Amino acid sequence: MLPFYEYRTDLLRVEEGEGLSFPPHLHVSLELLYVRSGTMRTFIGEKEYDVHAGDIAFIFPNTVHAYEYAQNGVRAEFLMLIYNDTLSKSLQTLLHEALPQTPVISKDKIHPDIVYALHALKAEQENDRQEEVITLLIKLIMARATPLLSLSYIEDTRAGLTGEVIEYIVRHYREPLCLEDLSHKFGVSRYRVSRIFSNVIKTSFHEYVNMLRIGYAQKCLTETDLPILQITFDSGFENQQSFNRVFKQKTGLTPLAYRKKQKQERMNCDESLLNG
1 MLPFYEYRTD LLRVEEGEGL SFPPHLHVSL ELLYVRSGTM RTFIGEKEYD VHAGDIAFIF
61 PNTVHAYEYA QNGVRAEFLM LIYNDTLSKS LQTLLHEALP QTPVISKDKI HPDIVYALHA
121 LKAEQENDRQ EEVITLLIKL IMARATPLLS LSYIEDTRAG LTGEVIEYIV RHYREPLCLE
181 DLSHKFGVSR YRVSRIFSNV IKTSFHEYVN MLRIGYAQKC LTETDLPILQ ITFDSGFENQ
241 QSFNRVFKQK TGLTPLAYRK KQKQERMNCD ESLLNG
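Right, dumping it as structure tokens:
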């Protein structure tokens, strides 16, 4: 499955849960995963990690990551923090110009201040949500964690370009889009934009845009009675022949067959509920 861009505007989100499976995605925020019990299978960049009880995974902005249930079937208890670093210039510099070579810190190396700050941030989210307090607590976490993350600095004057490009595509994929457009928009070469997809997203620009367009078309075919020709253009395709070809490549069905299949499945589900 291709990674998708998760767009967030909130400063802080802290969640607790049990068991987590989430497909490959990326965003411009810092994400921390603190496993309280069990083991969480975590994919960060191109590597796979088993994050055990007491360990913390640090996922820096614009890093593709995913989660899976552990193979033993035991659902881990976790606390997840997602922080948008727009308020702190010093944190922005750190998070967007470096990458951890050791993104998972084991329980025996974690400073107590880190765990304290995580719980304090959860309490802050539920109460005052003071931006200054949130930023200071994040700075405390990073001050204690940075020496253990083995940071390597990115030799790139536009380290945040990946997030900017992906966010723009997510907002405009239903419009005409090409590499040249993005090159002009962001003031970088066509080759530079292309490398974001081959190196970070692990697919081509056209493949990624088509994935978004087909996903939108599937939603329209399932949830509306709009004519297929209208869905073709609303999804960003220039003609129905191209739409039909790409749709069948991605789903194995024509748009009409897909709509009929979804409608039949809904009818079967409704009948089961009535008879149950």
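In UniProt numbering, the protein residues as written are 1 to 276.
Each residue gets a CB set at the ideal place from its N, CA and C atoms; glycine is no exception.
In this text, all values refer to a predicted model and were calculated from it rather than measured experimentally.
Span of the beta strand (DSSP E), counted from its first residue to its last, around residue i
{"i": "F58", "result": "I56 to I59"}
{"i": "V14", "result": "L12 to E18"}
{"i": "E68", "result": "H65 to E68"}
{"i": "Y153", "result": "L151 to Y153"}
{"i": "L91", "result": "No beta strand (DSSP E) holds L91; the alpha helix (DSSP H) holding it covers K89 to E97."}
Residue i beta carbon near the ligand MN (any heavy atom closer than 7 Å)
{"i": "T63", "result": "In the structure shown, the ligand MN is absent, as is every other ligand, since no ligand is present at all."}
Per DSSP, cross-strand counterpart(s) of residue i
{"i": "T39", "result": "H52"}
{"i": "Y34", "result": "I56 and L79"}
{"i": "V104", "result": "A57"}
{"i": "K47", "result": "I44"}
Close-in-space but distant-in-sequence residues of the same chain around residue i (CB under 6 Å, 5 per side omitted)
{"i": "G54", "result": "K107"}
{"i": "Y34", "result": "I56, L79 and L118"}
{"i": "Q125", "result": "L12 and V14"}
Cβ-Cβ separation, residue j to residue i (assumed contact under 8 Å), whole Å
{"i": "R144", "j": "I114", "result": "5 Å"}
{"i": "T222", "j": "Q264", "result": "The pair is not a contact, with the Cβ atoms about 12 Å apart (cut-off 8 Å)."}
{"i": "L30", "j": "F60", "result": "6 Å"}
{"i": "A66", "j": "P23", "result": "6 Å"}
{"i": "Y83", "j": "I138", "result": "5 Å"}
For residue i, the first and last residue of its enclosing alpha helix (DSSP H)
{"i": "I82", "result": "Looking at the DSSP string, I82 is not in any alpha helix (DSSP H); the run it does join, the beta strand (DSSP E), is E77 to Y83."}
{"i": "V188", "result": "Element bounds for V188: n/a, residue is neither H nor E."}
{"i": "F247", "result": "Q240 to T251"}
{"i": "S29", "result": "Careful: S29 lies outside any alpha helix (DSSP H) and carries neither H nor E."}
{"i": "P112", "result": "P112 to E126"}
Close Cβ partners of residue i (< 7 Å) along its chain, the five nearest in sequence each way excluded
{"i": "V209", "result": "I169, Y173 and L177"}
{"i": "T162", "result": "N62, I196 and V200"}
{"i": "I44", "result": "A57, I59, T63, H65 and P103"}
Proximal residues to residue i (C-beta, below 8 Å), its chain only, five neighbours per side dropped
{"i": "S235", "result": "R174, R213, I214, Y216, A217, C220 and F243"}
{"i": "E18", "result": "R75, A76, E77 and F78"}
{"i": "T254", "result": "N244, F247 and K248"}
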